[in-house]
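Undergrad:
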Amino acid sequence: VFEGEESLAAEARRLAPGLVGEAPSPPIVARYVAAHRALIRGPHDPRQVALAAFAVRHPWSASPLDAACGLVRPDALLRRKLRLLAAVLEATPDFASAFLPSAAAPRAPLLRLLVYVAVAGCRALAGLALYPLAARR
Amino acid sequence: VRDADVIVVGSGPGGVHAAAALVEAGLRVLMLDYGNVDRAYAGLVAARPFDELRRTDSEQHRYLLGERFEGVPRGGVGAAAQLTPPRAHVLADAAARLPIDSTSFSAAMSLARGGLGAAWSAGAFRFSAAELAAMGLDPETFARHYQRVAERVGIAGGGDDLDRFFPPLAGQLPALEVDAGASAILARYRRRRPALARRGFHLGKPRLAVCSVSHRGRGPHRYLDLEYWADLDRSIYRPQWTLDELARGDRFRYLGRRWVERFSEPEGGVEVSAVDADTGRAERHRARALVLAAGALGSARLALRSLERWDRPVPLVSNPYSYVAALNRGRLERQGEGRHSLAQLTAVLAPPGGGPPVQAQLFSYRSLLVSRAIAASPLAVRDTLRLLRMLQPRLVVLGIHHEDRPAAGKRCTLRRGAGGAPDRLEIDYRPDEAERRRQAAGERRLLACFRRLGCLPLRRVDPGDGASLHYAGTLPIAPGERELTCAPDGRLRGTRAVWVADGAALPWLPAKGLTLTLMANADRVGSLLGAELAASRWAAGLR
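Protein sequences appear in the order of chains A and B. With the numbering used here applied, the first sequence corresponds to residues -6 to 130, in that order. With the numbering used here applied, the second sequence corresponds to residues 1040 to 1582, in that order.
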């Protein structure tokens, strides 16, 4: 069962490292499961379920697919899951440093912004290429 | 038997200052209020800097996310987007008690103790003499009421280029410190002041209802950066603080958990029908006069229902509002000072060639969670997170206000609820295209000035009409004897003893926050009513 408790817990453990570099502790995983139950209710589009399941099976694909969904399906199930996971991770001291701003203001901010946006664009292109395969039921 | 000399409905900014003036006039006041308070989160937030809480408090998820995960962002930015779980009680129950039908306007109403003022961002801006005169209010008289309210509230700021727009009040408190980003923008502004002044652009520190130093037992502000989460030092003004002061006197009585249904005017006074929200028990309260201060929409509902004017439209105005995220590109000289999440700077654009002024508050994106911004971003979560972490010290958010005037396309109408269902307020808010174009042009001119200050606009967010939470003009002060308008003293025409002391009475809204002015107007209405009732009591005593 995709939305079962163990599936959701596995999802948190597998997707979190892509956001904050490591898997969360069991209480944080449990919080994600509870929040998911409260906020992300089905039924979902089967293609979106397949896409999310693909990202969980292949965590390296989560960010490119997320970026692609931002272009073609902003309310995609995968995006909702990742946003929820980010919110849950942010509200804990374990991962606060991954969310709090850098200590110093960056130099050449515009250049950095352009580089980041270019990287995000490449990621989206990769995600778009992967999307049809990942969303196959 | 009368319960009091005057009944005040609502404990928001208007209600408490009308009540304070009435009590000062020697009258007995009964306040009827729904009075929701935060019972879930009060006490969870410790008095430590927000960054430190984030790094150390293992219970932070309880107030950051909420016990029912109500603080988890859902995407998009709408009305009251900045409300966090500890502030969410401000909007609780209102939608069920007073349902609103609208496809063009998001209205947020409050049944909280303190009303919308319980989550106010504390911008305290005087209306100009010309603006007051255009509302049918005497600027000289009004200045006294600004002064009285400022003393109760505590207003910080002044001594800069904005004094010409917001003349300082006696006893004004020192401005709050600003952070490194705002400080750099202000320094750049000082270097380019003459050129920007020619464009009508002026920048300074905001006038805030905050005790930067101790005032009336509140503050001083401690720079913990907890403004969105708690009121630990009571330095930011909330109407509840005035309510607490009033409750210490013996001429004021507060009845909470009351839902006011209607009023009537039997011989010799007013009668208010209310329901105990917990038991459902109906009750009636009598007094010589009634002051409506339930908010512009709440007071309109009460008046329309009590006077049986269902299906009769009344006007509605609300400051159009937008957010613009911008990158502060210039050099930042220092770090770490002035850590607060209230407005850091205020900009006023008053085009020299005429045209409506535009006002903006500049905020640093600081103590709201990054996940809120992630939810509104079109990029992948991972990319947004990295981008925001890197840019956050340089990210500023402009909250831009435009003026609003009544027009044929801006109306609200009370529809009678069928079969015991609550009445529904139908809002139709459709400014014409010319108005939208004027606002867009004003915004472009304002952003051009910010570009010259090194702030590069990145993204504009339109949260939709009604998102400013500034509502007014439903029972406006107006000349003539038109029904459902107010006389200049605040009395509701078509009634003998009902006064209006909230935003409902302000006929239009300049491009700035209305809260200070509605408090001053409430003080004025309370003073006038107090003097009238005290005089009639004195005359009755003579007889």
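Cβ atoms here follow ideal geometry from the backbone N, Cα and C, with glycine treated the same way. Small disclaimer: the values here were computed from a predicted structure and weren't measured.
1. Suppose the cutoff is 7 angstroms on Cβ atoms and the five residues either side in sequence are ignored; what does the same chain contact list for residue 1410 of chain B look like?
2. Tell me which residues share the same chain as residue 1312 of chain B and place their Cβ nearer than 6 angstroms to its Cβ, disregarding the 5 neighbours each side in the sequence.
3. Could you give the C-beta distance for residue 1550 of chain B and residue 1440 of chain B, rounded to a whole number, given that I count them as a contact under 8 angstroms?
4. Indicate the three-state DSSP secondary structure (helix, strand or coil) for residue -6 of chain A in the structure shown.
5. For the stretch 25 to 49 of chain A, enumerate the residues whose C-beta is nearer than 8 angstroms to any C-beta of chain B, in chain order.
6. Less than 8 angstroms between the CB atoms is what I'm expecting for residue 1150 of chain B and residue 1136 of chain B, so what's the real figure, rounded?
7. Taking a contact to mean a Cβ-Cβ separation below 7 angstroms, would you say residue 1243 of chain B touches residue 1208 of chain B in this structure?
8. Considering residue 1180 of chain B, what are the terminal residues of the alpha helix (DSSP H) in which it resides?
9. On the CB-based measure, 16 or more other CB atoms within 10 Å of its CB, does residue -6 of chain A come out buried or exposed?
10. Give the interface partners of residue 60 of chain A over in chain B, defined as CB-CB distance under 7 angstroms, in chain order.
11. Mind checking who residue 1243 of chain B pairs with in its DSSP beta bridge?
12. Any beta-carbon of chain B closer than 7 angstroms to the one on residue -6 of chain A?
13. So, residue 1497 of chain B versus residue 1366 of chain B, is the Cβ gap smaller than 7 angstroms?
14. Taking the alpha-carbon positions, what's the residue 1547 of chain B to residue 1519 of chain B distance?
15. Among residues of its own chain, excluding the 5 on either side of residue 32 of chain A, which ones have a beta-carbon nearer than 7 angstroms to its beta-carbon?
16. If you follow the beta strand (DSSP E) that residue 1016 of chain B is in, where does it begin and where does it stop?
17. How would you write the range of the beta strand (DSSP E) that residue 1538 of chain B sits in, first residue to last?
18. Using a Cβ distance threshold of 8 angstroms, determine whether the stretch 116 to 126 of chain A contacts the stretch 1122 to 1133 of chain B, with at least three qualifying pairs required.
19. Would you mind telling me which residues of chain B sit closer than 7 angstroms to residue 63 of chain A, beta carbon to beta carbon, in chain order?
20. Starting from the Cα of residue 1509 of chain B, find the closest Cα among B:1481, B:1536, B:1568, B:1442 and give me that residue.
21. For the candidate residues A:127, A:-3, A:89, whose alpha-carbon lies nearest to that of residue 69 of chain A?
22. Out of curiosity, what's the CA-to-CA distance linking residue 1059 of chain B and residue 1315 of chain B?
23. Below 6 angstroms CB to CB, which residues in the same chain sit around residue 1271 of chain B once its five sequence neighbours on both sides are set aside?
24. Kindly indicate which residue of B:1544, B:1240, B:1232, B:1385 has the alpha-carbon position closest to the one of residue 1436 of chain B.
25. Between residue 1426 of chain B and residue 84 of chain A, which are expected to be in contact by the criterion C-beta below 8 angstroms, what is the C-beta distance as a whole number of angstroms?
26. Assign residue 1572 of chain B to one of three DSSP states: helix, strand, or coil.
27. For residue 1367 of chain B, which residues does DSSP report across the bridge?
28. Thinking C-alpha only, which one of B:1434, B:1387, B:1453 is nearest residue 1481 of chain B?
29. For my contact list, residue 1088 of chain B and residue 1378 of chain B are in at a C-beta cut-off of 8 angstroms; report their separation, rounded to the angstrom.
30. I need the straight-line Cα distance from residue 5 of chain A to residue 48 of chain A, nearest angstrom please.
31. Does residue 1298 of chain B come out as helix, strand or coil in the three-state DSSP assignment?
32. By the three-class DSSP mapping on this structure, what secondary structure does residue 33 of chain A have?
33. According to DSSP, what are the bridge partners of residue 1452 of chain B?
34. Note down, in chain order, each residue of its chain lying with its Cβ closer than 6 angstroms to the Cβ of residue 40 of chain A, except the 5 sequence neighbours on either side.
35. Could you check what DSSP says for residue 89 of chain A in three-state terms: helix, strand or coil?
TA: The short version:
1. 1112
2. These residues qualify, in order along the chain: 1300, 1301, 1323.
3. 5 angstroms
4. Per-residue confidence for residue -6 of chain A stands at a pLDDT of 37, beneath the threshold of 50, marking its modelled position as unreliable; no derived number is given.
5. 27, 28, 31, 32
6. 7 angstroms
7. It is not a contact, given that the beta carbons lie outside the stated cut-off.
8. 1178 to 1192
9. Residue confidence is low: residue -6 of chain A scores 37 on pLDDT, short of 50, so the model does not pin down where it sits. Its coordinate-derived value is still stated next. Exposed: under 16 other Cβ atoms inside 10 Å.
10. Against chain B, a Cβ distance below 7 angstroms from residue 60 of chain A picks out 1418, 1419, 1422.
11. B:1385
12. The predicted position of residue -6 of chain A is uncertain, since its pLDDT is 37 and thus under 50; no value can be drawn from it.
13. yes
14. 17 angstroms
15. 77
16. Outside the displayed range of chain B (1040 to 1582) lies residue 1016 of chain B, so it cannot be described from this structure.
17. 1537 to 1539
18. no
19. Going along chain B in sequence order, the residues near residue 63 of chain A (Cβ under 7 angstroms) are 1417, 1418, 1419.
20. B:1442
21. Taking only the C-alpha atoms, the option nearest residue 69 of chain A is A:127.
22. 25 angstroms
23. 1086
24. B:1385
25. The pair is not a contact, with the Cβ atoms about 20 angstroms apart (cut-off 8 angstroms).
26. helix
27. B:1494
28. B:1387
29. Indeed they touch by this definition, with Cβ atoms about 7 angstroms apart.
30. Residue 5 of chain A and residue 48 of chain A have their C-alpha atoms roughly 11 angstroms apart.
31. strand
32. coil
33. According to DSSP, which records beta bridges pairwise, residue 1452 of chain B is partnered with B:1465.
34. 128
35. The three-state secondary structure of residue 89 of chain A, taken from DSSP, is helix.
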